[in-house]
Amino acid sequence: MNRSRSILKKQQLREQQQRFFEQFKSKPFWIWDKEWHKRQHTISSGKCCFNHMIGLPVKNSKKMPLFDYEQEIFDLLQETKHVWIKKATGLGITEFMLRYIAWLCIRNDKLKGSQMCLVTGPRIDLAITLVERIKTLFPTMRFDTKETVVQLNGVKIEAFPSHHLDAMRGLPNVSFILLDEADFFPLGQQQDARAVSERYIAKSDPYIVMVSTPNAPEGLFEEIEREPDDKCLYKRLFLDYTVGLDKIYTQQEIAKARESPSFEREYNLKYIGQQGNVFSYESIQKAMEFGLQFEEERQGNIPQGTRKSCGIDAGFGSSKFGIVVTQMYSGRAEVLYAEEFERPDFTDMIQKIIAIRQNYGVHKIYVDSANPEIIRSLKRAFDEPENYEDQLARIESKKLGHPVFHMDVLPVSFNAEHKEMLSHTKLMLDRKRLAIHPRFSKLLVSLSTAVAREGVLDKQTTAHDDLLDGLRLSLKYYLLPPPMPK
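Per our numbering, the very first residue in the sequence shown carries number 3; after that it's consecutive.
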């Protein structure tokens, strides 16, 4: 008896929903011609389009129309099913996409029986929130589905956290996949989300839309952004804060947002990751000021009489090969060169380091001792004994002082010295003893995103960590003086 009542209630609810959704059939999503829209709004008593019928988006208690940058998204979705959107925070793009998804479900019956997937970050509350936002578009409707699912006109919309995508595999008829804030998924989950989504192209040819504010370098979004146009699956759209000025944002809101260290990432589409916990924003800004000042003073010339040091963080597999050159100039260590190389050729890197030493007049080269083949090759190139382990042992046993007085290519044990080198670099920055020109953007991003746990650099979180390691090695040449007067 109870089961029969339950079945009857569900049937009545479906019939009620069906009658409710009938009013949206054949309604446009939005009328983009303002004058025509105004006329149709009057004639139809507000039932001119889907968005007016469900209620306009609201910001700060004020109803918002759809803007021209949203028309750009809409038009793109009429041309292609695969869209990638890098956007500033607060533009309302997620809201737009949820409304677009709901409209696709109820404008006609073409998608009945299909599934739509909302992929969120690895927290169940994010998945629940997206589904709840769709449900609240229809406040008079009652839904009897679980928190991560909503049914609209026979279309099942379900949200999947990025760490639980197994349930998203093997669905029979997927019509739409939205990956929301995909650049903030954990790195391994980014690639999994992309792979699971794109495998449906051959199966059911769904829309695949990736939307995100940029996060750190070398993530999913930068990977897709770098793909050549003729190889990229996605049509790419870039929406920085300027598209929303005097529309979704006021000038005052943007002026206030500029005060945040994260402005360039959140509003200006820069891959700078999230603020780390090692180096302060103020100290990095000060280093940039000195970098600009010194470059202007030197007029691009590199003085020959300054002490110069090179740090080599060698990488040939998954990690990159980082090289940083610094000089002691006006009492500060100034970065002259900072570059990283992906999967380089060994011989090419040795030749590169030889050329850098000659061009910059480098005195000392510090190399991670985990790379003995690099060390020996460089010692051979610079006429130093290759049996450096014996030489180091002899220097220590005979108390001949620091190895820096006896060799130019110096092996450094990261295992033993990494904490000390990180601390040394931080003190150099905090005491305003470092100068870095803004053109070394990757190194600056590395400093701003650097995260340490108990004095150990977290290389999964820190962007361009190979450059930071190169800087740490290079700075070993300079003893830390007392703080400079303010």
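Every residue gets a Cβ at the ideal spot worked out from N, C-alpha and C, and that includes glycine.
Any chain D beta carbon closer than 9 Å to residue i
{"i": "A218", "result": "Of the protein chains in the structure, only one exists, and it is not chain D."}
Sequence-distant residues of the same chain with beta carbon closer than 8 Å to residue i, five excluded per side
{"i": "V364", "result": "K310, S311, C312, V327, I358"}
{"i": "G317", "result": "F323, G324, D468"}
{"i": "Q306", "result": "G363"}
Cβ neighbours of residue i in the same chain (closer than 7 Å, five flanking residues each side left out)
{"i": "V411", "result": "I367, V369, I377, L380, K381, F384, E386"}
{"i": "E97", "result": "P59"}
{"i": "L113", "result": "L106, C107, V157, S177"}
{"i": "T308", "result": "Q329, M330, Y331"}
{"i": "A195", "result": "V121, S164, L167, L181, A184, F187"}
{"i": "I438", "result": "A289, M290, G293, V337, L445, L446"}
{"i": "R171", "result": "V198"}
Helix, strand or coil at residue i [DSSP, three-state]
{"i": "P483", "result": "Low confidence applies here, because P483 scores a pLDDT of 47, under 50, leaving its location unreliable; read the following figure in that light. It is coil, neither helix nor strand."}
{"i": "L180", "result": "strand"}
{"i": "I108", "result": "helix"}
{"i": "A90", "result": "coil"}
{"i": "F265", "result": "helix"}
{"i": "V453", "result": "coil"}
{"i": "K137", "result": "helix"}
{"i": "M66", "result": "coil"}
{"i": "Y209", "result": "strand"}
{"i": "Q301", "result": "coil"}
{"i": "D248", "result": "coil"}
{"i": "H466", "result": "coil"}
{"i": "P413", "result": "strand"}
{"i": "L173", "result": "coil"}
{"i": "M143", "result": "coil"}
{"i": "L271", "result": "coil"}
{"i": "K488", "result": "Only weak support exists for where K488 lies, its pLDDT of 48 falling under 50; the coordinates are left without a value."}
{"i": "V364", "result": "coil"}
{"i": "H408", "result": "coil"}
{"i": "F52", "result": "helix"}
{"i": "E398", "result": "helix"}
{"i": "F343", "result": "strand"}
{"i": "S285", "result": "helix"}
{"i": "S218", "result": "A quick correction: the sequence has Ala, not Ser, at residue 218. A218 falls in the coil class under three-state DSSP."}
{"i": "V474", "result": "Checking the displayed sequence, the identity of residue 474 turns out to be Arg instead of Val. Three-state result, R474: helix."}
{"i": "V198", "result": "helix"}
{"i": "K258", "result": "helix"}
{"i": "F240", "result": "strand"}
{"i": "A437", "result": "strand"}
Environment of residue i [buried if 16+ CB atoms lie within 10 Å]
{"i": "M99", "result": "buried"}
{"i": "F462", "result": "Here residue 462 is Gln; the residue named in the question, Phe, does not match the sequence. Burial call: exposed."}
{"i": "K488", "result": "For K488, the predicted model reports a pLDDT of 48, less than 50, meaning its position is unreliable and no value from the coordinates is stated."}
{"i": "W86", "result": "buried"}
{"i": "P219", "result": "buried"}
{"i": "A104", "result": "buried"}
{"i": "K444", "result": "buried"}
{"i": "E37", "result": "exposed"}
{"i": "E17", "result": "exposed"}
{"i": "R144", "result": "exposed"}
{"i": "Y102", "result": "buried"}
{"i": "H166", "result": "exposed"}
{"i": "S285", "result": "buried"}
{"i": "D315", "result": "buried"}
{"i": "K88", "result": "buried"}
{"i": "E398", "result": "exposed"}
{"i": "G403", "result": "exposed"}
{"i": "G472", "result": "buried"}
{"i": "Q353", "result": "exposed"}
{"i": "R334", "result": "buried"}
{"i": "V458", "result": "exposed"}
{"i": "Q254", "result": "exposed"}
{"i": "M486", "result": "In this prediction, M486 has a pLDDT of 48, which is less than 50 and means its spatial position is unreliable; what the coordinates show is noted afterwards. With fewer than 16 Cβ atoms within 10 Å of its Cβ, M486 is classed as exposed."}
Residue i Cβ short of 8 Å to the ligand FAD heavy atom set
{"i": "S264", "result": "As far as ligands go, the structure on display features none, and thus does not contain the ligand FAD."}
Residues near residue i by beta carbon distance below 6 Å, same chain, minus five either side
{"i": "E225", "result": "none"}
{"i": "Y339", "result": "V327"}
{"i": "R474", "result": "M423, T427"}
{"i": "K288", "result": "K434"}
Identified DSSP bridge partners for residue i
{"i": "V447", "result": "In DSSP, V447 forms no bridge with anything."}
{"i": "D315", "result": "G324"}
{"i": "T122", "result": "P163"}
{"i": "K61", "result": "K64"}
{"i": "M99", "result": "DSSP lists no partner for M99."}
{"i": "H84", "result": "I210"}
{"i": "M330", "result": "A335"}
Between the region 143 to 158 and the region 106 to 122, do three or more beta carbon pairs fall short of 8 Å?
With a cut-off of 8 Å on Cβ pairs, the region 143 to 158 is in contact with the region 106 to 122, counting three or more such pairs.
Pairing CB atoms from the region 114 to 133 with CB atoms from the region 162 to 179, are three or more of them under 8 Å?
In the pairwise beta carbon analysis, the region 114 to 133 is classified as touching the region 162 to 179: at least three pairs are separated by under 8 Å.
The region 240 to 252 touching the region 268 to 278, judged by at least three CB pairs closer than 8 Å:
Taking a cut-off of 8 Å for Cβ pairs, the region 240 to 252 and the region 268 to 278 touch, as three or more such pairs fall below it.
When you compare the region 206 to 223 with the region 189 to 197, are there three or more beta-carbon pairs, one atom per stretch, that lie closer than 8 Å?
Output reads yes: the region 189 to 197 touches the region 206 to 223.
If you pair each beta-carbon of the region 21 to 39 with each one of the region 53 to 68, do three or more pairs fall below 8 Å?
Contact holds between the region 21 to 39 and the region 53 to 68, because three or more Cβ pairs, one in each stretch, are under 8 Å apart.
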